[in-house]
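**Q** Sharing a structure here in structure tokens format.
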Amino acid sequence: MVNVLIVEDDRALRSQIRFALEEHYNVFEAGDRQAAMECLEKEDIGVVILDLGLPPHENAPDEGIKLLQHILENLTAKVIILTGQTTAGIAMEAIKGGAFDYILKPVNMEKILFSIERAILFRDAEEKLEKRGVKKISFNVEVGQGLQPAREEAEKNVVLKVLRDTNFNVYKTAKLLNVKRESIYYFMKKFGFKREEDDGND
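In terms of the numbering used here, the sequence shown opens at residue 2 and continues consecutively.
The structure is reproduced here in structure tokens:
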């Protein structure tokens, strides 16, 4: 069974979601970002159900956004956002940034189950494509801006993805992209790419 992580500080809601899911999935729980990070390190999580408002700032999305960014940059898990009506706009921004789906509170369990099923289908399909050397890279541009911004955004996302995959090894990145190392240095300077150092907060 697929492992599903519920990241929600409301224990009652967390238990309610767990009860609805545990017949179909292996369910793990976390009440804050740190607990979620520890679970993600230990377990092969396929889907994360994430409430953006986590301790110590339950009324702001900061902790949830940090966790979302970590998952998107380092893991293959699909993220489903839980949000209230007042934070639906933030959830939409999270979707643009790479989250798979969002569900409004009060939570409808059928919608969660359906969203998880879709997330697993997409994750499995992407893993099969990646084994064949095809990687999914997403980006957002305004259609009315023309092709130039779209091309630059595509270049930015592709180069950054491969740099991260190679731990910012310029030689390996250039080889994988079949370009000269000078081109990689050019893109790093152009887009301001730098190796991400551990700030000690995660």
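For each residue, glycine too, the CB sits at the ideal point set by N, CA and C.
Tell me whether the beta-carbon of A100 lies closer than 8 Å to the beta-carbon of I82.
**A** Counting from 1 along the sequence shown, the entry for residue 100 is found at position 99. Counting from 1 along the sequence shown, the entry for residue 82 is found at position 81. Closer than 8 Å, so yes.
**Q** Spatial neighbours of A13 within its chain, please: C-beta separation below 6 Å, excluding the five flanking residues on both sides.
**A** Stepping through the sequence shown from its first residue, residue 13 is reached at position 12. Cβ neighbours of A13 beyond the five flanking positions: none.
**Q** My parser needs the alpha helix (DSSP H) runs of 4 or more residues fully inside the segment 38-100; what are they?
**A** You should have 63-75, 89-98.
**Q** If we count the other Cβ atoms within 10 Å of its Cβ and call it buried at 16 or more, is Y172 buried or exposed?
**A** Taking the first residue of the sequence shown as position 1, residue 172 is located at position 171. Exposed, because fewer than 16 other Cβ atoms sit within 10 Å of the Cβ of Y172.
**Q** How would you label Y187, buried or exposed, when you count the other beta carbons within 10 angstroms and need 16 or more for buried?
**A** Residue numbering aside, residue 187 sits at position 186 when the sequence shown is read from its first letter. By the neighbour-count rule (16 or more Cβ atoms within 10 Å), Y187 is not buried but exposed.
**Q** In angstroms with no decimal places, state the Cα-to-Cα distance between L55 and F29.
**A** Residue numbering aside, residue 55 sits at position 54 when the sequence shown is read from its first letter. Residue numbering aside, residue 29 sits at position 28 when the sequence shown is read from its first letter. Going from the Cα of L55 to the Cα of F29 covers about 16 Å.
**Q** Should L204 be labelled buried (16 or more other beta-carbon atoms within 10 Å of its own) or exposed?
**A** It is not possible to answer for residue 204, since the shown part of the chain is limited to 2 through 203.
**Q** For the candidate residues D52, N75, K106, whose alpha-carbon lies nearest to that of E64?
**A** Taking the first residue of the sequence shown as 1, we reach residue 64 at position 63. Cα-wise, what sits closest to E64 is D52.
**Q** Looking at C-beta atoms only, is the number of pairs between the segment 67-84 and the segment 116-127 that lie closer than 8 Å three or more?
**A** Taking 8 Å as the limit for Cβ pairs, the verdict is that the segment 116-127 does touch the segment 67-84.
**Q** Could you check the C-alpha separation between E131 and E44 for me, to the nearest Å?
**A** In the sequence shown, the residue the question calls residue 131 occupies position 130. In the sequence shown, the residue the question calls residue 44 occupies position 43. About 21 Å.
**Q** E24 to I117, Cα distance in whole Å?
**A** The sequence position of residue 24 within the sequence shown is 23, counting from 1. The sequence position of residue 117 within the sequence shown is 116, counting from 1. Near 13 Å, if we compare the C-alpha coordinates of I117 and E24.
**Q** With DSSP as the reference, label Y172 as helix, strand or coil.
**A** Along the sequence shown, read from residue 1 onward, the residue named residue 172 stands at position 171. Helix at Y172.
**Q** By a C-beta neighbour count over all protein chains shown, 10 Å radius and 16 as the cutoff for buried, is D166 buried or exposed?
**A** Mapped onto the sequence shown, residue 166 falls at position 165. Exposed, since its Cβ has fewer than 16 Cβ neighbours within 10 Å.
**Q** Spatial neighbours of L6 within its chain, please: CB distance less than 6 Å, with the 5 preceding and 5 following residues excluded, ordered by chain position.
**A** As a first step, residue 6 is located in the sequence shown; it is residue number 5 there, counting from the start. If we look at L6 and ignore the five residues flanking it on each side, its Cβ neighbours are F29, C40, I46, V49.
**Q** Comparing alpha-carbon positions, which option in G85, K191, H71 lies nearest L105?
**A** Position 104 of the sequence shown, counting from 1, holds the residue named residue 105. Taking only the C-alpha atoms, the option nearest L105 is G85.
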